[in-house]
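*Asks:*
There are 2 protein chains.
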Amino acid sequence: MIDPRLITLRVFARCGTVGATAELTGYSPSAVSAQLRELQRMLGMQLLTKDGRGVRLTATGRFLVAGSDTLIAEWESLRAAAMEAGDQVQSRFGLGGFSTAAAQLLAPLAATLRSTRPLLEVQVLEANPARCFDLLVAERIDLAVIVAMQSDAYVEDDPRFEQTVLLDDPLDVIIPADHPLAARESVTLDELASEPWITESAGSTYHSLFTAAFTAVGVTPRIAHEAVEWETQIAFVGAGLGVGLLPRLAPLHHAENVVRLRITGKGKPARRIVAAVRRGSIGSPLIQESLGILQANAQRILTARPEDER
Amino acid sequence: MIDPRLITLRVFARCGTVGATAELTGYSPSAVSAQLRELQRMLGMQLLTKDGRGVRLTATGRFLVAGSDTLIAEWESLRAAAMEAGDQVQSRFGLGGFSTAAAQLLAPLAATLRSTRPLLEVQVLEANPARCFDLLVAERIDLAVIVAMQSDAYVEDDPRFEQTVLLDDPLDVIIPADHPLAARESVTLDELASEPWITESAGSTYHSLFTAAFTAVGVTPRIAHEAVEWETQIAFVGAGLGVGLLPRLAPLHHAENVVRLRITGKGKPARRIVAAVRRGSIGSPLIQESLGILQANAQRILTARPEDER
DNA sequence: ATAACCGTGCACATTCGGTGCATGATTGGT
DNA sequence: ACCAATCATGCACCGAATGTGCACGGTTAT
Numbered sequence: 021m022i023d024p025r026l027i028t029l030r031v032f033a034r035c036g037t038v039g040a041t042a043e044l045t046g047y048s049p050s051a052v053s054a055q056l057r058e059l060q061r062m063l064g065m066q067l068l069t070k071d072g073r074g075v076r077l078t079a080t081g082r083f084l085v086a087g088s089d090t091l092i093a094e095w096e097s098l099r100a101a102a103m104e105a106g107d108q109v110q111s112r113f114g115l116g117g118f119s120t121a122a123a124q125l126l127a128p129l130a131a132t133l134r135s136t137r138p139l140l141e142v143q144v145l146e147a148n149p150a151r152c153f154d155l156l157v158a159e160r161i162d163l164a165v166i167v168a169m170q171s172d173a174y175v176e177d178d179p180r181f182e183q184t185v186l187l188d189d190p191l192d193v194i195i196p197a198d199h200p201l202a203a204r205e206s207v208t209l210d211e212l213a214s215e216p217w218i219t220e221s222a223g224s225t226y227h228s229l230f231t232a233a234f235t236a237v238g239v240t241p242r243i244a245h246e247a248v249e250w251e252t253q254i255a256f257v258g259a260g261l262g263v264g265l266l267p268r269l270a271p272l273h274h275a276e277n278v279v280r281l282r283i284t285g286k287g288k289p290a291r292r293i294v295a296a297v298r299r300g301s302i303g304s305p306l307i308q309e310s311l312g313i314l315q316a317n318a319q320r321i322l323t324a325r326p327e328d329e330r
Numbered sequence: 021m022i023d024p025r026l027i028t029l030r031v032f033a034r035c036g037t038v039g040a041t042a043e044l045t046g047y048s049p050s051a052v053s054a055q056l057r058e059l060q061r062m063l064g065m066q067l068l069t070k071d072g073r074g075v076r077l078t079a080t081g082r083f084l085v086a087g088s089d090t091l092i093a094e095w096e097s098l099r100a101a102a103m104e105a106g107d108q109v110q111s112r113f114g115l116g117g118f119s120t121a122a123a124q125l126l127a128p129l130a131a132t133l134r135s136t137r138p139l140l141e142v143q144v145l146e147a148n149p150a151r152c153f154d155l156l157v158a159e160r161i162d163l164a165v166i167v168a169m170q171s172d173a174y175v176e177d178d179p180r181f182e183q184t185v186l187l188d189d190p191l192d193v194i195i196p197a198d199h200p201l202a203a204r205e206s207v208t209l210d211e212l213a214s215e216p217w218i219t220e221s222a223g224s225t226y227h228s229l230f231t232a233a234f235t236a237v238g239v240t241p242r243i244a245h246e247a248v249e250w251e252t253q254i255a256f257v258g259a260g261l262g263v264g265l266l267p268r269l270a271p272l273h274h275a276e277n278v279v280r281l282r283i284t285g286k287g288k289p290a291r292r293i294v295a296a297v298r299r300g301s302i303g304s305p306l307i308q309e310s311l312g313i314l315q316a317n318a319q320r321i322l323t324a325r326p327e328d329e330r
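Sequence lines, in order, name chains Z and X. Taking this note's numbering, the leading residue of the first sequence gets 21, the next gets one more, and so forth. Taking this note's numbering, the leading residue of the second sequence gets 21, the next gets one more, and so forth.
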């Protein structure tokens, strides 16, 4: 309903270059350039200025983008209210999420929606949290499941988004099956302080979670190995290279020689998984139903996992 | 910026038929029909229902139209603020007004703007007040100068419009030059109670003004003749057929044998002339400048008229 | 200096969106 | 009860808007 050129401008405001905007919106760079030029012409405003080899928003452009937040939210809210009031169904629904979230939460959601609403066209995109927000702005997706990072750049109360906590996904310890503690029901982080740890590379999304968990209990772990994928980390643990942290939502699959233990004591690390939507759209019946399904599924997986794995 | 299809829907909500919507928006009926169908498709909402030989808004449709008022206002407000903040100029500007208002106020305004801002494309449409509001909704014009009628259908605080009083245009009496009172500076309505009056046909825009003026002083005038145009009425008076009321803004031109007298006493009829714009757009620099020019011009004409005419 | 990157103009293709006319459905007048 | 008027809509057609792909000029980093 809002002119797609304004959406493009908003995406540009986020990424700063025409090329990145094109990649994110799905247009070609030429199209983005033409859209922005047309937008300026039709509004009679100069929104962009040449800046080196790129372009930059003018003060007017920044003003317009900032003010458009409430406009978008207003429209989303109106649409959601109309959908609810009129008991209507929408035809397209885009979902985005990050790795395990996508696999464990979005896939079942998509499946459920597909059976509940056969004529709804559901699309799932796997993307990291930051990109999920971009995709929301670009209107490529309508709902994102992401891991909330306190240290992340996005602010809690961004005027463009609304977020709902789905669950706090606790981190478990995975250790080799032949480890002395493998028979235990649970462990504390203190007990594992001297173990060689396997973590993700520094600067990665989950590395900050790892360090935060240990600073909470006041010990400094020894990082022996680094892995990028959960699967790799699990394999390292299975090979006896060390121990690691694994979110409970992340499945062990058919991992051999690896045992999952719950963490007790004061250091109870967890990652917060939230659903994010464009502000105003939270009232939409489809979003509401999706949030319900997500939360139910999350709880089910969360409680069912221990029996599954042992 | 708002999808033109939504604008079309809003116009349809006002006039109720596809044909009238087409006439007002400037599209063909087929185009309106296609737009509304496309709108429903892209929103996944059923907005229209067949109703006899026409179509009618569904509850969802009415809800959407009602809610879109604030959306449009929000956009207008944002655009106006951006224009002002960035010191930008717009390229097109549509004006609408009713008969004398158009001739006496809009023409000078258009002329002034044309010289002040050479590259601004100004368009003036003459239309009656009700149609002016429709044209504002349809975004064919951006500013309308109309006569405020308390008895009219439009409400003072319509969420779609904002109105500014330009001036209270007093009604003068026009009498034949050979009338016994013609030499007077001013008269009261009492003194003319027994005269044969020339007015507009009942139900016309100004007829209610006429009756309101006389009910205020408690006398019932005798209506001898009816005219549609001011010019005709003036000619009738010049021919000695009776006396009439003429707004001060309406010029006597080269009328022969007609004298304009001011009205004194408790019955001082006047018509209120207001400028109307889409809600939110009042802050636009172009609108602000136009309102200033209009008010200045109105005052100038209002004070200069008596010397001009006598 | 050279290479990499970024935005934009141009030729071209496609699609979207418009008009004009014909048609079907419904209502009001006679 | 019929006929004319009114209204919305589908269809053929056409033009304009809007996309892509490629080449080019300008700017920065190595």
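We put the beta carbon where it would ideally sit given N, CA and C, even for glycine.
Answer yes or no: do Ala295(Z) and Gln183(Z) have a C-beta to C-beta separation smaller than 8 Å?
*Replies:* Cβ distance < 8 Å, so Ala295(Z) and Gln183(Z) count as in contact.
*Asks:* In three-state terms, what does DSSP make of His227(Z)?
*Replies:* Residue state, collapsed to three classes: helix.
*Asks:* If we count the other Cβ atoms within 10 Å of its Cβ and call it buried at 16 or more, is Ser50(X) buried or exposed?
*Replies:* It is exposed - the Cβ of Ser50(X) has fewer than 16 other Cβ atoms within 10 Å.
*Asks:* Hey, out of Arg134(X), Lys286(X) and Gly264(X), whose CA is closest to Val142(X)'s CA?
*Replies:* The option with the nearest alpha carbon to Val142(X) is Arg134(X).
*Asks:* Go through its chain and collect everything with a Cβ distance to Glu146(X)'s Cβ below 6 Å, but skip five positions before and after it.
*Replies:* Correct list, in chain order: Ala122.
*Asks:* Would you list, in chain order, the members of the segment 88 to 101 of chain X that have their beta-carbon closer than 9 Å to a beta-carbon of chain Z?
*Replies:* Flagged, chain order: Ser88, Thr90, Leu91, Glu94, Trp95, Ser97, Leu98, Arg99 and Ala101.
*Asks:* Among residues of its own chain, excluding the 5 on either side of His227(Z), which ones have a beta-carbon nearer than 8 Å to its beta-carbon?
*Replies:* If we look at His227(Z) and ignore the five residues flanking it on each side, its Cβ neighbours are Thr219, Glu220 and Ser221.
*Asks:* For Ile22(X) versus Ile22(Z), is the C-beta distance shorter than 8 Å?
*Replies:* Yes.
*Asks:* Quick check: Val257(Z) and Ile194(Z), are their CB atoms within less than 8 Å of each other?
*Replies:* Yes, Cβ-Cβ distance for Val257(Z) and Ile194(Z) is below 8 Å.
*Asks:* Which partner residues of Asp189(Z) appear in the DSSP bridge assignment?
*Replies:* For Asp189(Z), which the question treats as bridged, DSSP gives the partners Arg291(Z).
*Asks:* Determine the chain X residues that contact Val111(Z) at a beta-carbon separation under 7 Å, and present them in chain order.
*Replies:* Reading the sequence as shown, one finds Ser at residue 111(Z) and not Val. Correct list: Gly64.
*Asks:* First and last residue of the beta strand (DSSP E) that includes Glu146(X)?
*Replies:* Glu141 to Glu146 is the extent of the beta strand (DSSP E) around Glu146(X).
*Asks:* List the residues that DSSP assigns as beta-bridge partners of Leu322(Z).
*Replies:* Bridge partners of Leu322(Z): none, in fact.
*Asks:* Indicate whether Asn277(X) and Pro149(X) have their beta-carbon atoms separated by less than 8 Å.
*Replies:* Against a cut-off of 8 Å, the Cβ pair of Pro149(X) and Asn277(X) comes out as no contact.
*Asks:* Could you name the residues of chain Z that Asp23(X) contacts, counting a contact when the two beta carbons are closer than 8 Å?
*Replies:* Those within 8 Å of Asp23(X) in chain Z are Met21, Ile22 and Asp23.
*Asks:* Run through DSSP, which three-state label would Ile254(X) get?
*Replies:* If DSSP states are grouped into helix, strand and coil, Ile254(X) belongs with the helices.
*Asks:* Measuring only the C-alpha atoms, how far is Gly72(X) from Pro216(X)?
*Replies:* Cα-Cα distance, rounded: 49 Å.
*Asks:* CA-CA distance, Ser206(Z) and Pro305(Z)?
*Replies:* Approximately 41 Å between the Cα atoms of the pair.
*Asks:* Closest to Thr80(Z) by C-alpha separation, out of Trp95(Z), Glu176(Z), Gln66(Z) and Ser88(Z), would be which residue?
*Replies:* Ranking Trp95(Z), Glu176(Z), Gln66(Z) and Ser88(Z) by Cα distance to Thr80(Z) puts Gln66(Z) first.
*Asks:* Applying a beta-carbon distance threshold of less than 9 Å, which residues of chain X neighbour Thr69(Z)?
*Replies:* Those within 9 Å of Thr69(Z) in chain X number zero; the least Cβ separation is about 12 Å.
*Asks:* Quick one: which chain X residues come within Cβ less than 7 Å of Thr323(Z)?
*Replies:* Those do not exist, as Thr323(Z) stays about 36 Å from chain X at its closest Cβ, beyond 7 Å.
*Asks:* Compare the C-beta of Phe83(X) against all C-beta atoms of chain Z and say whether one is closer than 8 Å.
*Replies:* So, interface residue.
*Asks:* Kindly indicate which three-state DSSP category Glu104(Z) falls into: helix, strand or coil?
*Replies:* Here Glu104(Z) sits in helix by DSSP.
*Asks:* Can you list the residues of chain Z that Ala79(X) reaches, using a CB-CB cut of under 9 Å?
*Replies:* Those are Ala105 and Gly106, listed as they occur along chain Z.
*Asks:* Apply the 10 Å Cβ neighbour rule to Arg268(X) and answer buried if 16 or more other Cβ atoms are within range, or exposed otherwise.
*Replies:* It is buried - the Cβ of Arg268(X) has at least 16 other Cβ atoms within 10 Å.
*Asks:* Below 7 Å CB to CB, which residues in the same chain sit around Lys288(X) once its five sequence neighbours on both sides are set aside?
*Replies:* So the list reads Pro190, once near-sequence residues are dropped.
*Asks:* On a CA-only basis, which of Arg57(Z), Asp198(Z), Ala233(Z) and Gln253(Z) is nearest Gly264(Z)? Give me that one, please.
*Replies:* The shortest Cα separation from Gly264(Z) among Arg57(Z), Asp198(Z), Ala233(Z) and Gln253(Z) belongs to Gln253(Z).
*Asks:* Give a yes or no on whether the minimum CB-CB distance between Leu26(X) and chain Z is below 8 Å.
*Replies:* By this cut-off, Leu26(X) is an interface position.
*Asks:* With 16 other CB atoms within 10 Å as the buried threshold, where does Glu96(Z) fall?
*Replies:* The residue in question, Glu96(Z), is buried, as its Cβ has 16 or more Cβ neighbours within 10 Å.
*Asks:* Is Glu176(Z) helix, strand or coil when you go by DSSP?
*Replies:* In the structure shown, Glu176(Z) sits in coil (DSSP, three-state: anything other than H, G, I, E or B).
*Asks:* Here's the rule I'm using: 16 or more other beta-carbon atoms within 10 Å means buried, otherwise exposed. How should His199(Z) be labelled?
*Replies:* It is buried - the Cβ of His199(Z) has at least 16 other Cβ atoms within 10 Å.
*Asks:* What residue range is occupied by the uninterrupted alpha helix (DSSP H) comprising Ala54(Z)?
*Replies:* Residues Pro49 to Leu63.
*Asks:* Please state the DSSP three-state secondary structure of Arg34(X).
*Replies:* Note: Arg34(X) maps to helix in three-state DSSP.
*Asks:* Have a look at Phe32(X) and Leu26(X) and give me their C-alpha separation to the nearest angstrom.
*Replies:* C-alpha separation (whole angstroms): 10 Å.
*Asks:* So the candidates are Asp178(Z), Asp154(Z), Val85(Z) and Ala318(Z); which of them puts its Cα closest to the Cα of Leu59(Z)?
*Replies:* That would be Val85(Z), whose Cα lies nearest to the Cα of Leu59(Z).
*Asks:* Are Phe234(X) and Leu261(X) close, meaning C-beta to C-beta below 8 Å?
*Replies:* Not closer than 8 Å, so no.
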